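Start counting the sequence shown at 192; every next residue gets the next number (my numbering).
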Amino acid sequence: MSETSLVSVYITTRNRPDMLDRALASLTKQTFRNFEVLICNDNSEAKYLSYYTNVIEKYNNSFNGLVYIVNENTMGACYSRNILIHQAKGEFVTGLDDDDYFFRKDLNFLFHLVS
Numbered sequence: 192m193s194e195t196s197l198v199s200v201y202i203t204t205r206n207r208p209d210m211l212d213r214a215l216a217s218l219t220k221q222t223f224r225n226f227e228v229l230i231c232n233d234n235s236e237a238k239y240l241s242y243y244t245n246v247i248e249k250y251n252n253s254f255n256g257l258v259y260i261v262n263e264n265t266m267g268a269c270y271s272r273n274i275l276i277h278q279a280k281g282e283f284v285t286g287l288d289d290d291d292y293f294f295r296k297d298l299n300f301l302f303h304l305v306s
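This is the structure:
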């Protein structure tokens with residue numbers, strides 16, 4: 192394992208595009224940069240969809256890959272996390288809830304903790 196090892200960060204969300212925006216903003220400030228972001232929208236209500244589109248477009252080129260999946264039916268957070276974990280390309284995988292955020296050195300700390 193090396194500094195070039197990819198880390199996958201998964202986020203599940205439902206009806207909270209403003210919280211997702213805050214979580215993604217925290218990821219743009221990470222000192223560790225080699226990570227992809229995987230997001231699963233768990234069938235948010237129609238009134239939120241345009242907001243989600245704007246958030247995804249805002250951060251689309253901010254990471255080493257961004258995957259956005261929308262469930263056709265509400266499946267729950269555990270199901271959504273499992274989908275994202277199966278899509279992850281990283282050697283290491285970690286999660287972030289849409290209503291949380293990482294401090295700027297959190298991914299760096301986690302990466303060095305496991306390596």
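Here a beta-carbon is modelled for each residue, glycine too, at the ideal position from N, C-alpha and C.
Everything numeric in this text was worked out from a predicted model, so none of it was measured.
- Under the three-state reduction of DSSP, GLU248 is assigned to helix.
- Under the 8 Å Cβ criterion, the region 255–266 counts as touching the region 213–227, having at least three qualifying pairs.
- Counting C-beta atoms within 10 angstroms of its own C-beta, THR265 has fewer than 16 neighbours from the protein chains shown and is therefore classed as exposed.
- Distance from the Cα of ASP297 is smallest, within the candidate group THR195, LYS220, ILE276, for LYS220.
- The three-state reading of DSSP puts ASN234 in coil, since its state is none of H, G, I, E or B.
- The C-alpha of VAL246 is placed about 13 Å away from the C-alpha of LEU218.
- Burial check for SER271: the Cβ neighbour count within 10 Å reaches 16 or more, so the residue is buried.
- Considering only LEU240, VAL305, ASP212, ASP291, the residue with the shortest C-alpha distance to ASN251 is ASP212.
- The C-beta separation of CYS231 from LEU197 comes to about 19 Å, leaving the pair out of contact by the 8 Å criterion.
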